[in-house]
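S.K.: Submitted below is the structure of interest, expressed as structure tokens.
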Amino acid sequence: MVTQIISTMETQVSNGPSGTSLPNGPVISTNGSTDDSKTNLIVNYLPQNMTQEEFKSLFGSIGEIESCKLVRDKITGQSLGYGFVNYVDPNDADKAINTLNGLKLQTKTIKVSYARPSSASIRDANLYVSGLPKTMSQKDMEQLFSQYGRIITSRILVDQVTAGISRGVGFIRFDKRNEAEEAIKGLNGQKPLGAAEPITVKFANNPSQKTGQALLTQLYQTAARRYTGPLHHQTQRFRLDNLLNASYGVKSSPTLFPRFSPITIDSMTSLAGVNLTGPTGAGWCIFVYNLSPEADESVLWQLFGPFGAVTNVKVIRDFTTNKCKGFGFVTMTNYDEAAMAIASLNGYRLGDRVLQVSFKTSKQHKA
DNA sequence: TTTAATT
Numbered sequence: 005m006v007t008q009i010i011s012t013m014e015t016q017v018s019n020g021p022s023g024t025s026l027p028n029g030p031v032i033s034t035n036g037s038t039d040d041s042k043t044n045l046i047v048n049y050l051p052q053n054m055t056q057e058e059f060k061s062l063f064g065s066i067g068e069i070e071s072c073k074l075v076r077d078k079i080t081g082q083s084l085g086y087g088f089v090n091y092v093d094p095n096d097a098d099k100a101i102n103t104l105n106g107l108k109l110q111t112k113t114i115k116v117s118y119a120r121p122s123s124a125s126i127r128d129a130n131l132y133v134s135g136l137p138k139t140m141s142q143k144d145m146e147q148l149f150s151q152y153g154r155i156i157t158s159r160i161l162v163d164q165v166t167a168g169i170s171r172g173v174g175f176i177r178f179d180k181r182n183e184a185e186e187a188i189k190g191l192n193g194q195k196p197l198g199a200a201e202p203i204t205v206k207f208a209n210n211p212s213q214k215t216g217q218a219l220l221t222q223l224y225q226t227a228a229r230r231y232t233g234p235l236h237h238q239t240q241r242f243r244l245d246n247l248l249n250a251s252y253g254v255k256s257s258p259t260l261f262p263r264f265s266p267i268t269i270d271s272m273t274s275l276a277g278v279n280l281t282g283p284t285g286a287g288w289c290i291f292v293y294n295l296s297p298e299a300d301e302s303v304l305w306q307l308f309g310p311f312g313a314v315t316n317v318k319v320i321r322d323f324t325t326n327k328c329k330g331f332g333f334v335t336m337t338n339y340d341e342a343a344m345a346i347a348s349l350n351g352y353r354l355g356d357r358v359l360q361v362s363f364k365t366s367k368q369h370k371a
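Per the numbering used here, the very first residue in the first sequence carries number 5; after that it's consecutive.
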């Protein structure tokens, strides 16, 4: 037998408001520089389509930001659904937690909490648990695991249709990796009290282990939903002028930045209409035709990212309406990857449109 | 039988 579920036990999970509280620590050092532990926040469960600009705007409404970053996939440029905000004033960080934690944005409820100091020991501390009794609640699961360490988040996956019914599968993130290791040793293959079957406990996969094909499928599904579902959202606007090309900066070589470099992301978004000219210089320029008027840069990242290194994307827009004129360009570093992307995406149906994709022909300006 | 939590 393994573990008792003691019903009176209180969990100390930092899932809810205000996240992790930091015991007692200096706020301001003698030289006047701020201690990140009181100013640096992590924001989780952001809507997939939130941009860096929107993220900055939302948190900038609280107070002056020292730096902020929406974390994105290095290859596809897609948001990973979380980000960091470092305020100048610790009071603003506190205020951001109090006013923005729990805020509902589209389908998500965002979580705002203090970021733990970054260190190797907190990485890979996420566990995947399966074979859970269907009756086990999230709280039950936390109680089962909490004997091995401090739980940062937990989740039980539920059936989509019969909403609320457990799939017997969940996740537990510990504060430290070694706590997660101990939980595996202690609980993998064990039967929770009263359960008929043993549970499986292992390290979780990285959530973006998706193949190019899977990404295309996902993209297609989200695009298709746009045309079939009763989607009347009036929700997405953080009322910024997010209109013009947000040509996301992509640094192709993993430069070793000093930690917490004051360089903000925005300072890297300087690529404009550079290298849009032919298969020379920085890479292979690809012409994408039949984009919808609503298309934006992110759709190009999503389409081409899975095939390899993408250094630039651009949607061509009408100057006055700011709608896409039906085409755009993508620059890829490697010929093979570009050729594969073209072979795969030419004729690809995106929503109700069939894309035409080819290397850009060198009919200089004006076609 | 795998969700978007460490810059």
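Note that beta-carbon positions come from the ideal geometry of N, C-alpha and C, so glycine has one too.
1) Between the alpha carbons of residue 72 and residue 45, how many angstroms are there, rounded?
2) Look at the alpha carbon of residue 134 and the alpha carbon of residue 315, and state the distance between them as a whole number of angstroms.
3) Spell out a yes or no on whether the segment 73 to 84 and the segment 103 to 114 are touching, meaning 3 or more CB-CB pairs, one atom from each, closer than 8 Å.
4) Closest by CA to residue 331, which one among 360, 348, 48, 95?
5) Residue 182 by DSSP, collapsed to three states: which one?
6) Nearest to residue 207 by alpha carbon, out of 182, 200, 306?
7) What residues in its chain sit with their C-beta under 6 Å from that of residue 185, if we drop five residues either side in the sequence?
8) Tell me where the alpha helix (DSSP H) around residue 165 begins and ends.
9) Mind checking whether residue 176 and residue 203 have CB atoms under 8 Å apart?
10) Which complete alpha helix (DSSP H) runs does the segment 31 to 71 hold, if anything under 4 residues is left out?
11) Buried or exposed: where does residue 63 fall if 16 or more other Cβ atoms within 10 Å of its Cβ makes it buried?
12) Helix, strand or coil for residue 110, going by three-state DSSP, please let me know.
13) Helix, strand or coil: which one does DSSP assign to residue 140?
14) Taking the C-alpha atoms as reference points, what is the distance between residue 77 and residue 55?
15) I'd like the list of long-range same chain contacts for residue 95, defined as Cβ closer than 8 Å, with 5 residues on each side in sequence excluded.
16) Report yes if the C-beta of residue 133 is less than 7 Å from at least one heavy atom of the ligand ADP; otherwise report no.
17) Decide if residue 158 is buried, meaning its Cβ has at least 16 other Cβ atoms within 10 Å, or exposed.
18) Output the distance between the C-alpha atoms of residue 187 and residue 59, rounded to the nearest integer angstrom.
19) Which residue from 170, 79, 193 puts its Cα closest to that of residue 341?
20) Out of 90, 307, 141, which one is the CA nearest neighbour of residue 318?
21) Please classify residue 299 as buried or exposed, where buried requires at least 16 neighbouring CB atoms within 10 angstroms.
M.R.: Considering the structure as presented:
1) 9 Å
2) 39 Å
3) no
4) 360
5) helix
6) 182
7) none
8) Element bounds for residue 165: n/a, residue is neither H nor E.
9) no
10) 40 to 43, 56 to 64
11) buried
12) coil
13) coil
14) 13 Å
15) 67
16) By its list of ligands, the structure shown contains no ligand whatsoever, and the ligand ADP lies outside what it can speak to.
17) buried
18) 35 Å
19) 79
20) 307
21) buried
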